[in-house]
Every structure is written in structure tokens, then in C-alpha cells.
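Colleague:
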Amino acid sequence: MKNNKSIYKEGFAYPFLTSFFSPFLRPRLLKTLFSIFYNFFFAQHRAAFLPGRIPVKDVDHPLDGKVPFVPRWITIYIDFVFFWTRIVSFYLKRYGRKGYKTVGSFITSMGRLYEYAGEVYTKCFSTTKRPFYIARPRFLMIHLLDPHLMCIPSLHVMIVIHASTMFEKIAKDYNDDAALQDQIQVMKQGALAITQAVLYVKQHSVNCIPAAMYAMTKYTPDLFSREDAVKFTEQLFSPPKGIGPAPKGCRVHPSASPKTELPEADKAEIKAHILTLYNKFLEEGKTAKSWEEPLVNFLRKIN
């Protein structure tokens, strides 16, 4: 085994080029890229150009007003794009060809994640009040590429939860989790920081996070249980207890993030709301005909 460097030093090109030129990985990569394009970009832009076919609900919550708009968090937010590709790169280098089957399954699971979230979006879109801010180029890119119609459940939060939990699962499957414990903790830190960032850059409401957590409990209940959701929520807005320091240069560790403090009372109120809504979805999901029914019902009840 090799590749002991920090996962945050993994590049973007290597996993795509390696996967594309592998007869085993290429069809899985192409299928996932198509799923991302079709279920996220195409579906939203079609709805933007042909409005009215699917209802759109505004999912803002009064608590969103307590979270400031902090443009500098865009650097952390945009990292969700690379969050899962680093895993592909890291494990391809660490395990080589013997890891192809595992890496291929992970790539496939990312494509299915977009299809899974689409089971809500095809029934009801959702949006929030997003400020038009283009002083930083990354915001301009977001405004151009994202019509902002897929807020519940938050795919950003789903992606980082799935990626961080799968990173740990793969390590355990190879009996490598002890050796990779620092990397596992860094991925958890990254997932927390990006979840915070979606609020600070106003891409999502506090309502979108519990919806994403509920979706992940249904998608991979063995990897993200209710207990995991509680721990995840408790660790938001502060460097999580029990998680060690991030490697030097890791931009997404909460304690290394742009300094943005919320009053403790506001943090507690927001986290309580997230858990309350998550538990509500989870309870309704026990008797629902399909996993997405609680989220769709929540959206349809909004005026």
C-alpha cells in the first residue's frame, strides 16, 4: 500500500484520467457523469426555461436571518465539487488495481445519489432567497450554472455526508481504518465545514440540512444512522470534539475556516431546529409509502 499524503493534496485530473482509461472504471464514471448532468443541471435548466411543469416552493425559515451572508466562505463551499473525487484519487493510488472494484462501486453510488435526490425534485422543486452577489468570480459561476431549484434535500450536504462515510467504510473494508484514522477525521471535518458553508453563502436554508440528513439515513442507513445524524448536528458551527487537528493546508477544517461566529444561543436554536425537523421526517418515513414522501409532503404544505 502507498499514498500516505493528505487526501486534500489529491488533484482533480488524476481520478478522471485514470478512470476514463480503465476499461473497468470508464463505464461507471461515464454513467455517473451523465447522472450528474441529467439529474442536476439538465433538470434544473429545463425547469427554468419551461416553468410551471413542476411546482416550486420557497423553503426559507426565519432562522436563516440569524445566519450572516459571508462571501469568503465560498472557497469552502465550492470544495464540494472535489470532495468525492479526492476519494477516488486517494484509493486508486493507495490500492492500485486491486481497489478498482471498490472504487468503481463508490463512483456508481455517487451517480445513484443524484438519481435518489431526483425522486423529490421530479415532484416538487424548492428554492431560497439567494442574494445576487458577483464580486467574487466563484459566485458568478454559481449564478450561471445553478438555477437554484433543488434545495430540499440539499445535494451538497448529501454528497459530503456520503463521501465522508464511504471513505471510512472503504478503509474498514480493507482493514486500513487504523492507519487512515487522521484522513477519516479530516473527511468528517470537511463534511461539517461544507455543511456550514452552504448556510453562510446562502445556497441553502436551515430546512435543507435536516432533509439531506434524512435522505442519507434512508439511502445508507448502515452508514448514517439517527445517532450519526445527532452527532453530525451537534458538531456544526464549531471544531468538533474528539476530532483531531487537520493537516497543514487543509482549508475545510472548521477551526481553519474563515472566522465567523454565531451567538451561542443562535447556534443552539438552529441545531435544535435541524434535529427536530430531521426527527419529524424520520418518524413520518416509518409509515410512508416511499422514502421521499415526507419531504414531498413538507414541500406541498408550503403556501
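Read left to right, the sequence shown gives residues 342 to 644 (the working numbering).
For every residue, glycine included, the Cβ atom is placed at its ideal position computed from N, Cα and C.
Check whether the Cβ atoms of A538 and W414 lie closer than 8 Å to each other.
Modeller: Going by C-beta atoms, A538 is nearer than 8 Å to W414.
Colleague: Tell me the DSSP bridge mates of V648?
Modeller: Since the displayed the chain opens at 342 and closes at 644, residue 648 lies outside it and no answer follows.
Colleague: Hey, out of L370, S347, K346, whose CA is closest to P356's CA?
Modeller: Cα-wise, what sits closest to P356 is L370.
Colleague: Within 10 Å of its beta-carbon, does G305 have 16 or more other beta-carbons around it, so buried, or fewer, so exposed?
Modeller: Lying outside 342 to 644, the shown extent of the chain, residue 305 is not represented and no answer is given.
Colleague: Please tell me whether R427 and E509 are closer than 8 Å, where the distance is taken between their beta carbons.
Modeller: Contact: no.
Colleague: For L433, tell me which candidate among Q544, C492, L366 has the shortest Cα-Cα distance.
Modeller: Nearest option by C-alpha distance: L366.
Colleague: For G583 and I395, I'd like the C-alpha separation in whole angstroms.
Modeller: Note that G583 has pLDDT 43, beneath the 50 cutoff, so the model's placement of it is unreliable and no number is given.
Colleague: Could you tell me which whole alpha helix (DSSP H) segments of length 4 or greater appear in the region 508-549?
Modeller: Runs found: 522-541.
Colleague: Any idea if I475 is buried or exposed, counting beta-carbon neighbours within 10 angstroms, 16 or more meaning buried?
Modeller: Exposed: under 16 other Cβ atoms inside 10 Å.
Colleague: Go to S631, then tell me how far its alpha helix (DSSP H) extends in each direction, as first and last residue.
Modeller: Segment: none, S631 is in no alpha helix (DSSP H) and carries neither H nor E.
Colleague: Decide yes or no for the touch test of the region 492-508 against the region 521-538: beta carbon pairs closer than 8 Å, at least 3 of them.
Modeller: Yes, they touch.
Colleague: Can at least three beta-carbon pairs, one atom from the region 372-387 and one from the region 447-466, be found at a separation below 8 Å?
Modeller: Enough Cβ pairs lie closer than 8 Å, so yes.
Colleague: Between the region 487-499 and the region 543-563, do at least 3 Cβ pairs fall closer than 8 Å?
Modeller: Output reads yes: the region 543-563 touches the region 487-499.
Colleague: To which residues of the same chain is L404 closer than 7 Å at the C-beta, ignoring the five residues directly before and after it?
Modeller: So the qualifying residues of the chain are V547, E610, I611, H614.
Colleague: Going by other Cβ atoms of all chains shown within 10 Å of its Cβ, with 16 needed for buried, is P409 buried or exposed?
Modeller: Under this definition P409 is an exposed residue.
Colleague: Are G452 and T359 close, meaning C-beta to C-beta below 8 Å?
Modeller: Cβ atoms of G452 and T359: not closer than 8 Å.
Colleague: If distances are taken between C-alpha atoms only, which option among Q522, S376, I535 comes closest to L454?
Modeller: Of the listed residues, the one whose Cα sits closest to L454 is S376.
Colleague: Kindly indicate which residue of T628, A553, A606, P562 has the alpha-carbon position closest to the one of L618.
Modeller: Selected option, being the one with the closest Cα: A553.
Colleague: Output the residue ranges of the beta strand (DSSP E) runs that lie fully inside the region 379-438 and measure 3 residues or longer, sorted by chain position.
Modeller: Those beta strand (DSSP E) runs which fall completely within the region 379-438 and span 3+ residues are 397-399.
Colleague: Taking DSSP's pairing of strands, which residues face M491 in a bridge?
Modeller: For M491, which the question treats as bridged, DSSP gives the partners S467.
Colleague: Note the first and the last residue of the continuous alpha helix (DSSP H) segment covering P562.
Modeller: Taken as a continuous stretch (DSSP letters only), P562 belongs to no alpha helix (DSSP H), as it is neither H nor E.
Colleague: Going by C-alpha to C-alpha distance, which of Q576, L521, A629, L485 sits closest to I535?
Modeller: Considering only alpha carbons, the answer is Q576.
Colleague: Would you grab the beta carbon distance between V542 and P412 for me? Rounded to a whole angstrom, and I think it's under 8 Å.
Modeller: Right, the Cβ-Cβ distance comes to about 7 Å (below 8 Å), so this counts as a contact.
Colleague: Alpha carbon to alpha carbon, how far is M507 from F565? Give it in angstroms, no decimals.
Modeller: If I take the Cα positions, the gap works out to 10 Å.
Colleague: By the three-class DSSP mapping on this structure, what secondary structure does E456 have?
Modeller: If DSSP states are grouped into helix, strand and coil, E456 belongs with the helices.
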